[in-house]
Amino acid sequence: MYRHCPRPRRRRPAGARRPRIAAMRVLLTGASGFVGRRAAARLLADGHRLRLLLRDPARLPAELAGAGGVEVVVGSLERPPAGLGAGIEAVVHLAGLVDARRPRDFDRVNVEGSRRLATAVAAAAAGARWLQVSSLAATGPGTAVADEDPPRPVSRYGASKLAGEEAVAAAGFPERIVLRPPAVYGPGDRAFLPFFQAVARGRPLLLPAPGPAALSLIHVDDLAAALAAALAAPAAAVAGQNFHVAGPERPSPTELLAAIGEAVGRPPRPRPVPAVLAWTAAAAVTPLHRLCGRPAFLSLDKMRELTAAAWVCRAERFAARTGWRPAFPLAAGLADTARSYRAAGLLPPASGLDAGGGGG
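Under this note's numbering, the letters of the sequence shown match residues 203 to 562, in that order.
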């Protein structure tokens, strides 16, 4: 089912400047998700016309429902509809699983889903620019992971993202680009929300020790800007390349919690847990969650990531080739995130916080 919204004339705010970009018809997957919503808004602002692949049209974000230049196609990665690639000049593939009830679900969506999508698009638009959003997890941990480093994923999720990249590469798109961001945070995110809530409410936070010495992160709007930059870049600069993108800081988990504390106005209460105890707990709860059919909040797979030495990647090469620069320092990005959580009623009001941090 296709639904098209006519595009109204847009006015750019006075003083707002952006590089002149050739508008394209872009197929976007994952538009109902955290990153997808911000990516769609950025691409529309750049003048692109969007075709959104959605499993359920009722999940179309409200801000996109009334936007011009948006076409909705009902379907899924597993069953892409006929004609999906007709008239498409570029693909931004964001849809995928981050958490799964069963390990094989990662392969079903992130690998086979990507393969089927690529096959469907290639049938009508073999020359389209393909921009795939993968993950630093596909490369694996390290203290300064570079684009050319051989991938060594340590989790089933990371392995599935790498296999998804390879599945698309087999489709033969001449302008295939892969972006591998680290953990993404910002307004609308739910993965970091429990940490903000725990700090704001004075609850202790258990951290496996030893854990990563440093972490790369990226604000969702910086990632959306990176997608736009990758679409606009000359083919000679980006085609056939894998790139890491990340924000400028590399905090330790303890430093990250302290920065979250600054954003919410309350000091955090980290509690180190010996890694052996965390591994034991993960081994106990993983099969229970599989029996219940729910993703595990702490699993053996997650422990492999949580106890890695570092998750730091270098983004200089992508910046040099596209002109992209992250706009959000960590403190500003976390403050932006905290404001959005408060506006949504997900955090207590700042006036109700006890700066002393509570007992315990």
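We put the CB at the ideal spot given by N, CA and C, even for glycine.
Exercise for the section: Determine the contact status of Leu-459 and Val-401, defining contact as a CB-CB distance below 8 Å. Expected result: Position 257 of the sequence shown, counted from the first residue, corresponds to residue 459. Position 199 of the sequence shown, counted from the first residue, corresponds to residue 401. Yes; because the gap between Cβ atoms is below 8 Å, this pair is in contact.
Problem - Burial state of Gly-561, where buried means 16 or more other Cβ atoms lie within 10 Å - result: Residue mapping note: residue 561 aligns to position 359 of the sequence shown, counting from 1. Confidence at Gly-561 is low in this model, with a pLDDT of 38, below 50, so the placement of that residue is unreliable and no value is reported for it.
Problem - Strand pairing of Arg-251, partner residues [DSSP] - result: Sequence index remark: in the sequence shown, residue 251 carries index 49 (1-based). Looking at the DSSP assignment, Arg-251 forms a beta bridge with Arg-227.
Problem - Start-to-end residues for the beta strand (DSSP E) that takes in Pro-476 - result: Looking up residue 476 in the sequence shown gives position 274. Per DSSP, Pro-476 belongs to the beta strand (DSSP E) from 471-476.
Problem - Residue ranges of each beta strand (DSSP E) within the region 375-408, 3 or longer - result: Whole beta strand (DSSP E) segments, 3+ residues: 377-382 and 385-387.
Problem - Paired residues, beta bridge with Arg-331 - DSSP - result: Start at 1 with the first residue of the sequence shown, and residue 331 comes out as number 129. Answer is Ala-292 and Glu-377.
Handout entry: Continuous alpha helix (DSSP H) assignments of at least 4 residues falling wholly in the region 261-305
Key = Runs of the alpha helix (DSSP H) spanning 4 or more residues and lying entirely within the region 261-305 occur at 264-267, in chain order.
Practice task
Count the C-beta pairs between the region 375-383 and the region 323-337 that are closer than 8 Å, then say yes if the count reaches three, no if not.
Solution key: Contact between the region 375-383 and the region 323-337 is present: 3 or more CB-CB pairs across the two stretches fall below 8 Å.
Exercise for the section: Kindly identify the DSSP beta-bridge partner or partners of Trp-513. Expected result: Residue mapping note: residue 513 aligns to position 311 of the sequence shown, counting from 1. By DSSP's assignment, Trp-513 forms a beta bridge with Gly-344 and Leu-417.
Handout entry: Bridge-paired residues (DSSP) for Ala-411
Key = Your numbering for residue 411 matches position 209 in the sequence shown. In the DSSP output, where bridge partners are listed per residue, Ala-411 has Pro-476.
Practice task
Have a look at Arg-544, Thr-509 and Ala-552 and flag the residue whose alpha-carbon is nearest the alpha-carbon of Ala-415.
Solution key: Start at 1 with the first residue of the sequence shown, and residue 415 comes out as number 213. With distances taken between Cα atoms, Ala-415 lies closest to Thr-509.
Handout entry: DSSP beta-bridge partners of Asn-444
Key = Your numbering for residue 444 matches position 242 in the sequence shown. Asn-444 is bridged to Val-380.
Practice task
Using the Cα positions of Ala-361 and Gln-443, report the straight-line distance between them to the nearest angstrom.
Solution key: Position 159 of the sequence shown, counted from the first residue, corresponds to residue 361. Position 241 of the sequence shown, counted from the first residue, corresponds to residue 443. Their Cα atoms are separated by approximately 19 Å.
Exercise for the section: Could you tell me which residues DSSP puts in a beta bridge with Leu-256? Expected result: If you number the sequence shown from 1, residue 256 lands on position 54. Answer by DSSP bridge pairing, in chain order: Val-276.
Problem - Collapsed DSSP secondary structure at Asp-423 in the structure displayed - result: Within the sequence shown, numbered from 1, the residue matching residue 423 stands at position 221. Reduced to three states, the DSSP call for Asp-423 is helix.
Practice task
Give the single residue among Glu-291, Pro-305, Arg-304 and Phe-308 whose Cα lies nearest to the Cα of Ala-328.
Solution key: Working through the sequence shown from its first residue, we reach residue 328 at position 126. Among Glu-291, Pro-305, Arg-304 and Phe-308, the Cα nearest to that of Ala-328 belongs to Glu-291.
Problem - For Phe-236, three-class secondary structure by DSSP - result: As a working mapping, residue 236 is identified with position 34 in the sequence shown. DSSP places Phe-236 in helix when its eight states are reduced to three.
Problem - Contact check, Val-228 vs Leu-245, beta carbons under 8 Å - result: As a working note, residue 228 is residue 26 in the sequence shown. As a working note, residue 245 is residue 43 in the sequence shown. The Cβ-Cβ distance between Val-228 and Leu-245 falls below 8 Å.
Problem - Cβ-based burial, Tyr-204 [other Cβ within 10 Å; buried from 16] - result: Taking the first residue of the sequence shown as position 1, residue 204 is located at position 2. Its pLDDT being 48, under 50, Tyr-204 is placed unreliably in this model, and the coordinates cannot settle the point.
Handout entry: Of the listed residues Ala-340, Phe-397 and Ala-483, nearest to Glu-368 (C-alpha basis)
Key = Sequence index remark: in the sequence shown, residue 368 carries index 166 (1-based). Across the set Ala-340, Phe-397 and Ala-483, the C-alpha of Ala-340 shows the shortest separation from the C-alpha of Glu-368.
Practice task
Classify Ala-218 as helix, strand or coil using the three-state DSSP reduction.
Solution key: Here residue 218 is taken as the residue at index 16 of the sequence shown, counted from 1. With a pLDDT of only 34 at Ala-218, under the threshold of 50, the placement of this residue in the model should not be trusted; the figure read from the coordinates follows. Under the three-state reduction of DSSP, Ala-218 is assigned to coil, being neither helix nor strand.
Handout entry: Rounded straight-line distance, which links the Cα of Val-370 to that of Asn-312
Key = Position 110 of the sequence shown, counted from the first residue, corresponds to residue 312. Position 168 of the sequence shown, counted from the first residue, corresponds to residue 370. Rounded to the nearest angstrom, the two C-alpha atoms are 11 Å apart.
Handout entry: Span of the alpha helix (DSSP H), counted from its first residue to its last, around Glu-368
Key = If you number the sequence shown from 1, residue 368 lands on position 166. Here the alpha helix (DSSP H) through Glu-368 covers 358-371.
Exercise for the section: Check each candidate in Arg-303, Ala-326, Leu-299 and Pro-305 and name the one with the smallest Cα separation from Gly-315. Expected result: Locating residue 315 in the sequence shown gives position 113, where the first residue counts as 1. Among Arg-303, Ala-326, Leu-299 and Pro-305, the Cα nearest to that of Gly-315 is on Leu-299.
Practice task
Tell whether a beta-carbon distance below 8 Å holds between Leu-407 and Pro-470.
Solution key: As a working mapping, residue 407 is identified with position 205 in the sequence shown. As a working mapping, residue 470 is identified with position 268 in the sequence shown. Yes, Cβ-Cβ distance for Leu-407 and Pro-470 is below 8 Å.
Problem - Same chain, Cβ closer than 7 Å to Gly-388, neighbours up to 5 away in sequence not counted - result: Walking along the sequence shown from the start, residue 388 turns up at place 186. By the criterion of a C-beta distance shorter than 7 Å, Gly-388 is surrounded in its chain by His-421, Val-422, Asp-423, Gly-535, Asp-538 and Thr-539, once the five residues flanking it on both sides are discounted.
Practice task
Can you grab the Cα-Cα spacing for the pair Lys-363 / Ser-336, in whole Å?
Solution key: One-based indexing of the sequence shown puts residue 363 at position 161. One-based indexing of the sequence shown puts residue 336 at position 134. Between the C-alpha atoms of Lys-363 and Ser-336 there is a straight-line separation of about 6 Å.
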